[in-house]
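Data block below; observations after.
There are 2 protein chains.
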Amino acid sequence: MLTHARWLTLVDVNGSHSTSTVPGSGAPRRSDATRGAILAAARERFATDGYERATIRAIAKDANIDPSMVMRYYRNKEGLFAAAVAIDLRLPDVSGADRRQDAGRILVEHFLDMWEDNEVLTALLRVGVTNQAGAERMQGILRDQLLPVARQVCPDPEQVPARAALMASQLLGLALTRYVLRMPPAVGLARAEISAWLAPTIQRYLTAPSP
Amino acid sequence: MLTHARWLTLVDVNGSHSTSTVPGSGAPRRSDATRGAILAAARERFATDGYERATIRAIAKDANIDPSMVMRYYRNKEGLFAAAVAIDLRLPDVSGADRRQDAGRILVEHFLDMWEDNEVLTALLRVGVTNQAGAERMQGILRDQLLPVARQVCPDPEQVPARAALMASQLLGLALTRYVLRMPPAVGLARAEISAWLAPTIQRYLTAPSP
DNA sequence: GAAGGATGTCAACAAGTGTTGGCAAACGAT
DNA sequence: ATCGTTTGCCAACACTTGTTGACATCCTTC
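Here you go:
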């Protein structure tokens, strides 16, 4: 119960750095500011350094508190990571008949928006590659968030997992080359270019008859 | 000079574990077996654990030698990594008029071959995500090996980098979801399915008129 | 005002890290 | 047979890591 309420709070704090309390999401604590600062610092460190090199000491220093506070509020490093990368992709609905034929473009542009103002996704990808817990969290996102979207537009229910996986491969591949590996030609692509090139790919993976 | 010769040796030892000496690539040393064992162990560790968690002690233990030997032969951990992930993608030629229209399929299937019997690529991807040197090495592969292939089939020379980056995003994205994150639906895809879905994508990124 | 819990700091631990230098044995050349 | 070099092992250093417990301080509640 407490766990659930805390998770909701995190998702809410996710985008903005406000420490505002959410009505009905548990009693506000005097330490909410500190908790928020820790989470913000943790997200930044995990995003830029990955799991191992994002040390608790560095995170604590960024948040201007003692390392032991991190342990008190999040038990251990794994707990901190779990709390720091709770995320909701807020995927748009594409079940409408008119939107279904535009699903590719809509999803690609939504993903670009998400990646560009949310370092949680970069953190998740960086950590998922070297950390088992991170990898499992990404698998969960594919299963719980990407797969339902594929189900909305994909004709044959049996092909939904495969098509969702194909979509994930292209979207994550772009994020990898552009935001993580920072390959120059991928960084140089304009937003409109990416959309124009990738939208038909995603659209085909989701709706085209299986080849 | 010595550096170059050593690099060539590494590339040669790359695929097979033989300790055979290559004619004209420097004098064979009595320690070549040990050096090879170290490199093999290092590749495996880097591939499964990433850079930070692949400790020199663990690698030395796998190779049945003392950690200090690693330092003697490869200076430091960075040097070991650099030596362990030297790789040549051996990309096929697709400049022929007949092959040009099949470039997508040929490249996708070649990549699947490469990834499935070569843990160096997994090591490179795992490390590239959290390590600067690894990321730069991947950028080098895109620049020196993928880009020339794009040049062979792409009409407008000015668009070559962008198209190569798009190809890289899809190929690396598949490798990421299938071989690194091991997302179940991506792992479950049959080789023929992957080829059938991805080949048109790559073909379009390389040869279609810019949208 | 006193009691009790929440919040925060400090110092320290045990374990593991990359890295170094010294020393013994095996080898190749003379 | 002897010298210098190569190969290997051992022990240790200096440092960083996650994590813990004791202590001081603040705020809330009676």
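Protein chains in written order, with the numbering used here: chain E, 2 to 212; chain G, 2 to 212.
C-beta: ideal position from N, C-alpha, C; glycine also.
At what residues does the alpha helix (DSSP H) containing residue i begin and finish?
{"i": "G/Pro90", "result": "With the sequence shown as reference, residue 90 of chain G is identified as Leu, and Pro is not the correct amino acid for it. Careful: G/Leu90 lies outside any alpha helix (DSSP H) and carries neither H nor E."}
{"i": "E/Arg152", "result": "Leu148 to Val154"}
{"i": "E/Thr35", "result": "Asp33 to Arg54"}
{"i": "E/Asn206", "result": "Rather than Asn, the amino acid found at residue 206 of chain E in this sequence is Tyr. Looking at the DSSP string, the run of the alpha helix (DSSP H) that includes E/Tyr206 is Arg192 to Thr208."}
{"i": "E/Pro158", "result": "Looking at the DSSP string, E/Pro158 is not in any alpha helix (DSSP H), and its letter there is neither H nor E."}
{"i": "G/Pro185", "result": "Pro185 to Gly189"}
{"i": "G/Arg58", "result": "Ile57 to Asp63"}
Do residue i and residue j have their C-beta atoms closer together than 8 Å?
{"i": "G/Ala166", "j": "G/Arg179", "result": "no"}
{"i": "G/Leu175", "j": "E/Ser211", "result": "no"}
{"i": "G/Thr131", "j": "E/Gly97", "result": "no"}
{"i": "G/Ala163", "j": "E/Leu190", "result": "yes"}
{"i": "G/Glu79", "j": "G/Ala134", "result": "yes"}
{"i": "G/Ala84", "j": "G/Tyr75", "result": "yes"}
{"i": "G/Leu172", "j": "E/Leu173", "result": "no"}
{"i": "G/Arg138", "j": "G/Val181", "result": "no"}
{"i": "E/Ala59", "j": "E/Arg73", "result": "no"}
{"i": "E/Leu90", "j": "E/Met115", "result": "yes"}
{"i": "E/Val95", "j": "E/Val154", "result": "yes"}
{"i": "E/Ile195", "j": "E/Leu92", "result": "no"}
{"i": "E/Pro183", "j": "E/Ala124", "result": "Here residue 183 of chain E is Arg; the residue named in the question, Pro, does not match the sequence. The answer is no: Cβ separation not under 8 Å."}
{"i": "G/Glu159", "j": "G/Ala48", "result": "no"}
{"i": "G/Thr202", "j": "E/Thr202", "result": "yes"}
### Task
Would you be able to state if there are at least three C-beta pairs under 8 Å between the stretch 25-39 of chain E and the stretch 104-116 of chain E?
no
### Query
In chain order, which alpha helix (DSSP H) runs of at least 4 residues are fully inside the stretch 66-134 of chain E?
68-75, 78-85, 98-101, 104-117 and 120-131
### Query
Should the stretch 56-74 of chain E be called in touch with the stretch 137-147 of chain E, which here means at least 3 C-beta pairs below 8 Å?
When C-beta atoms of the stretch 56-74 of chain E are compared with those of the stretch 137-147 of chain E, fewer than three pairs fall below 8 Å, so the two segments do not count as touching.
### Task
Would you check if the stretch 201-208 of chain E and the stretch 29-36 of chain G touch, i.e. whether three or more CB-CB distances between them fall below 8 Å?
With the cut-off at 8 Å, the stretch 29-36 of chain G and the stretch 201-208 of chain E do not touch.
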